[in-house]
Amino acid sequence: AQSVTQLGSHVSVSEGALVLLRCNYSSSVPPYLFWYVQYPNQGLQLLLKYTTGATLVKGINGFEAEFKKSETSFHLTKPSAHMSDAAEYFCAVTVTGGGNKLTFGTGTQLKVEL
Amino acid sequence: EPEVTQTPSHQVTQMGQEVILRCVPISNHLYFYWYRQILGQKVEFLVSFYNNEISEKSEIFDDQFSVERPDGSNFTLKIRSTKLEDSAMYFCASSGAGGFTDTQYFGPGTRLTVL
């Protein structure tokens, strides 16, 4: 069965600093990876996804992530944090034949400080 | 932009009562899902639904749970006899014809509180 691990349940950065949220996956077959963001009292919004092809994927709001098979990682980055980036971020994985179910990590709460 | 909607936003019920959570997926989507998030925990998959039948379900989705697409627009989750541990945020999602690589669009959720 597939799974994802998000290191760091809480990350705090200064406005303008680099954002790095870590995600490692486990899967016996090629994974398809997603990052979702959840703002307070809202649903989940897709930031970006990796299915096939280019391993560096760009998403909304200046975020990007790189699929590294050798490291089983899919870390999320943004060069310069903005106050509006404060939210909870979830990494998720799915594989073929699994009924399309997404398996989520435990989430990382991002705090952006002045 | 099309979006998934859910009603009600908050449901309070007594233990043992039946609840029905409602969702209107994006109109041309073919796959439908329910997830839940217990407070402070991760989002968990409950069930996926395609072509009027369940395609996958988790261990959580036992006989107390059922899903239905009663018409061309609604997708419902029924919990037959609620338990305290069913208290959670329930998210509906839908995706298009691309299957597992297609983006799942989530609704805003229904917060279920079981007393």
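Chains as they are written, first to last, in my numbering: chain A, 929 to 1042; chain B, 599 to 713.
Beta carbons: idealized from backbone N, C-alpha and C, even for Gly.
Report task. State the Cα-Cα distance for the pair residue 653 of chain B and residue 1022 of chain A, rounded to the nearest angstrom. Result -> 14 Å
**Report entry** C-beta contact flag for residue 629 of chain B and residue 671 of chain B at 7 Å
**Finding:** no
Query raised in the report: Relative to the alpha-carbon of residue 638 of chain B, which residue among A/1041, A/1042, A/1036 has its alpha-carbon at the smallest distance?
Result: A/1036
Query raised in the report: Of all Cβ atoms in chain A, is any one closer than 7 Å to the Cβ of residue 698 of chain B?
Result: yes
Query raised in the report: Does residue 611 of chain B have its Cβ less than 7 Å from a Cβ in chain A?
Result: no
Query raised in the report: Which residues, in chain order, does the stretch 653 to 670 of chain B contribute to contact with chain A at a C-beta distance below 9 Å?
Result: 653, 654, 655, 656
Query - Alpha-carbon spacing of residue 978 of chain A relative to residue 995 of chain A, whole angstroms - result: 7 Å
Query raised in the report: Of the choices A/999, A/929, A/959, A/976, whose alpha-carbon is the least far from that of residue 1018 of chain A?
Result: A/976
Query raised in the report: Hey, out of B/712, B/667, B/642, B/696, whose CA is closest to residue 622 of chain B's CA?
Result: B/667
Report task. Decide if residue 642 of chain B is buried, meaning its Cβ has at least 16 other Cβ atoms within 10 Å, or exposed. Result -> buried
Report task. Give the secondary structure of residue 652 of chain B by DSSP, where H, G and I count as helix, E and B as strand, and everything else as coil. Result -> strand
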